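At position 572 of the sequence shown the residue is numbered 572 (my numbering), and the sequence of numbers has no breaks.
Here a beta-carbon is modelled for each residue, glycine too, at the ideal position from N, C-alpha and C.
The structure presented is a predicted model; accordingly, all values stated were derived computationally and were not measured.
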Amino acid sequence: MRVVEKADGFSVRAISGTRAVMLAMNAHEDALDGFLGFGVGIKPSVGGAIRWLNGFKCFQSVEPDPERAERFKTAEHPVQDFKWGHYWAEPDTEYHYVIRPLFRPENGDLSNLRAGTDLEVTVRTEAEDDGTHSIFFNRGAIVSQAYAEKFEHGNPLTPQELAGELDNPEAERTKWLSRGLLEGILSFIAQARDTRFSLHCGFYELTYPPILQALADAAARGVRVEVTFEADFFKRSENRRVETKYGKMNRAAIEPFTGQANLHFKERINFIALTHNKFIVLKESGHPTQVWTGSTNITASGFCGQSNTGHIVRDEAVAKAYADYFELLAVDAQREDMKAFATQHNPDPNEQLPQNSITPLFSPRSGSAMLDWYGRRIEEAEQTAMLTSAFGVTTRLAEYFDNDRDYLRYVLMEQRSRGEGAQDMVERDKDTRVVFGQGLGIVGSMGNWREVPGFELEHWMWREHHFRSSGHVFFIHTKYMGVDVMTDDPLIFTGSANFSPGSLTSNDENMLLIRGDTRVADVYVTEFFRLLNHFYFRQVANRKAEDGQSDPDIRFLQEDDGWVAGHFRAENYRSKRRELFGVPA
C-alpha cells in the first residue's frame with residue numbers, strides 16, 4: 001500500500017508491507033534553510049497523542065556523553081535522512097504517522113528545535129492470511145542487539161538449551177525470531193483439516209520437529225501427506241548409493257514419524273547436484289488450490305536464524321503446475337526426465353511476462369538461458385534493481401550490472417562473488433550499493449563473524465549473540481530479485497534458486513516470476529530495506545574499525561543544515577534515492 005501526503009514544501013510517501021513500513025520524505029530545496037531533520041511519531045488514532053519514535057543518534061552539544069544503547073526521541077534529535085523504516089509493525093493494522101520537519105532555532109540552542117508543519121499520513125499494513133499472495137519474512141538477523149537485549153541479558157543460552165526452546169512454536173523467543181514465518185507454514189498445513197485434503201511436499205533439509213509434527217498431525221486427521229526429501233545420492237557411474245550429510249540428518253529426523261498411516265516419506269536420490277526445493281502443494285478433493293514456497297529450509301536455522309521468506313500463492317493454475325512437478329519428485333525421477341518435463345511443460349518465458357501474471361519456473365532445465373533472461377531484466381531496468389545473493393553473484397549475471405544506464409542497483413549478499421571479475425562488475429557503477437550480511441563485534445570465530453579491534457562497542461550497544469557457529473550461510477539466505485519495484489508494473493522473482501547456472505541446470509528448484517503486483521512488490525521492498533539498513537550499519541562500523549578508527553563519532557548528528565546537500569546534489573546517489581522512493585513536494 002502506498003499513501004502520499006504533502007504540506008508546506010515537504011512530502012511523505014508511506015509504503016507498507018506486512019510487518020514493515022517505509023516512510024520516504026521529500027522537500028522543495030527552498031524549504032531547507034536551517035533544516036536539521038525529521039521527527040517521526042505514531043499516533044494511536046487520528047487526533048490522538050503522538051508517541052515519538054526513538055533513534056540512536058543525538059546532538060553532541062545537547063548529549064555529549066550518551067549512555068550505552070541509549071535512545072533519543074526523534075522530535076528532539078531528528079532523523080537526518082529522507083527515509084525511515086518502521087520495522088516492528090503488525091500485519092493488517094492501521095498506523096497513523098506524524099512527520100515533523102525540525103529546524104535550527106535562531107538562538108542556536110538545539111535543546112529547543114523549531115518545528116515546521118506536521119505531515120500526517122495513515123496507512124494499513126498488508127494482511128498475511130488472505131488474497132492471492134501471502135508473504136512471510138522472519139527476523140533474519142542471527143546476531144542482533146535487540147535479540148541480546150530482549151532475551152540474553154549478557155547470559156546466552158547454551159546451544160542445547162536454545163535448540164530445545166526453538167523446537168517449541170509457542171516459546172516467546174521462537175515467535176520473536178520467526179516473526180510470523182513459522183506461524184505461516186503451520187497455518188498453511190493446518191488448512192488440511194480432514195480426508196478431503198492432501199499435502200505434497202518437496203524438501204531439501206527436513207529436520208525441524210515443529211513442521212514434522214504438524215505434518216504427522218495432519219496425517220492423523222486423515223490427510224494424505226507425501227514428503228520428498230534428500231535421502232542420499234545415487235552415483236550412476238558406480239551404480240551405488242552414496243550417503244550425504246543432509247540425507248543422514250533427514251533420515252534421523254523423520255525416523256520417529258515413519259510408519260504412520262497417511263504419512264508417506266519418499267526418498268530423492270536421483271538428482272544431479274542438490275534437491276533444493278522447499279514447497280508444499282495443498283489439494284482439496286484432489287484439486288491443487290494453493291502452494292507454499294520460498295527460501296526456507298525445514299530447519300531451526302531456516303525459521304529462526306538466517307534471513308528467509310515463505311510465499312503462499314492461492315491460484316489453481318499455479319498450484320497445478322507445482323502438483324505436476326511434484327509427481328516427478330515423488331517417483332524419484334531421473335535427471336533426464338526432469339529436464340524433459342521442463343522443456344515440454346515449463347519452457348523459458350518470453351522476454352515480456354504477461355501483464356499481471358504469476359509464472360512458475362522449475363529446474364533442472366536443459367540449459368541456463370534463464371540466467372541471461374534475468375540479466376536482461378536487470379540491464380533494462382528503468383528505475384531500480386535489487387537482488388539478494390547467498391553465494392555471491394555469478395559472473396554471467398554480474399555482467400548485466402556492469403552498464404552505463406542511470407538507475408539504482410542494490411545487492412544484499414552473504415559472500416563475495418567468486419567468478420573472475422564478478423564482484424568488480426557488480427560494484428563498478430557508482431549508484432550500486434552492495435551490503436554484506438555480517439556480525440558486529442566479538443560474536444564468534446566462524447563464518448563472517450570477526451572481532452572488531454579498537455571499536456569501543458560499549459558506547460553503542462551490548463555485545464551481540466549468535467544463533468549458530470558452523471555452516472555456509474549465516475545471514476542472507478533469501479533468493480529474490482526485484483526490478484522497477486516502485487513503478488505500477490514491478491517485477492518480483494522469488495523462490496528456492498540462487499540465480500546461478502547450477503540452480504537452473506543441476507538442482508531441483510522452483511521460482512515464481514510475478515509481474516504487475518504492487519502489493520507483492522511493496523512487501524518485498526520494505527523487507528529488503530529492513531535487512532539492508534540493518535547490515536549496512538554493521539558494515540560501516542566494521543570498516544571504520546578495520547581502518548583503526550576507535551570510538552568513531554557516528555553516534556552524533558550534524559548540528560547545521562550541511563547534511564542536506566548530498567541529498568539534493570545532481571547525480572548524487574542519495575538524491576536519486578530520495579527521488580526514487582519519495583514524491584515531489
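Here arginine 405 is exposed, its C-beta having fewer than 16 other C-beta atoms within 10 Å. Shown here, phenylalanine 229 sits in a strand according to DSSP, grouped into three states. In this chain, the alpha helix (DSSP H) harbouring threonine 343 covers 335–345. When DSSP states are grouped into helix, strand and coil, glutamate 399 belongs to the helix group. In summary, glutamate 90 is exposed, with fewer than 16 beta-carbon neighbours lying within 10 Å of its beta-carbon over all protein chains present. Secondary structure of arginine 240 (DSSP, three-state): strand. For the pair asparagine 250 and valine 473, the Cα-to-Cα distance works out to about 19 Å. Membership of glutamine 290 in any alpha helix (DSSP H) is not indicated; the residue belongs instead to the beta strand (DSSP E) covering 287–294. Here glycine 37 carries a strand assignment [DSSP, helix/strand/coil]. Bounds of the beta strand (DSSP E) holding leucine 263 are 263–268.
Under the three-state reduction of DSSP, aspartate 508 is assigned to strand.
Here proline 64 is exposed, its C-beta having fewer than 16 other C-beta atoms within 10 Å. Within the same chain, Cβ atoms closer than 8 Å to the Cβ of arginine 124 are found at Met1, Ser16, Asp92, Thr93, Glu94 and Tyr95, the five residues on either side in sequence being excluded. Contact annotation, threonine 487 with glutamine 334: C-beta distance approximately 43 Å; criterion of less than 8 Å not satisfied. For serine 198, no alpha helix (DSSP H) segment is defined; the enclosing uninterrupted segment is the beta strand (DSSP E) at 197–203.
Residue burial annotation: lysine 245 is exposed, with fewer than 16 other C-beta atoms found within 10 angstroms of its C-beta. Collapsing the DSSP output to three states places histidine 96 in a strand. Between the alpha carbons of valine 318 and histidine 133 lies a distance of about 12 Å. Per DSSP, reduced to three states, the secondary structure at glutamate 128 is coil, with no helix or strand assignment.
Ranking Val40, Ser45, Asn350 and Ala218 by CA distance to the CA of asparagine 54 puts Val40 first. In this chain, isoleucine 185 is not harboured by any beta strand (DSSP E); it is covered by the alpha helix (DSSP H) spanning 181–190.
DSSP places tryptophan 176 inside the alpha helix (DSSP H), whose first and last residues are 172–178. Rounded to whole angstroms, the separation of the alpha carbons of lysine 235 and valine 242 is 7 Å. Closest by C-alpha distance to tyrosine 374, out of Ile280, Leu513, Ala321 and Arg433, is Leu513.
DSSP, reduced to helix, strand and coil, places glutamate 571 outside both helices and strands of the structure shown, so it counts as coil.
Remark: C-beta atoms of serine 496 and glycine 294 approach each other more closely than 9 Å.
Contact annotation: the stretch 19–31 touches the stretch 522–535, with at least three C-beta pairs closer than 8 Å.
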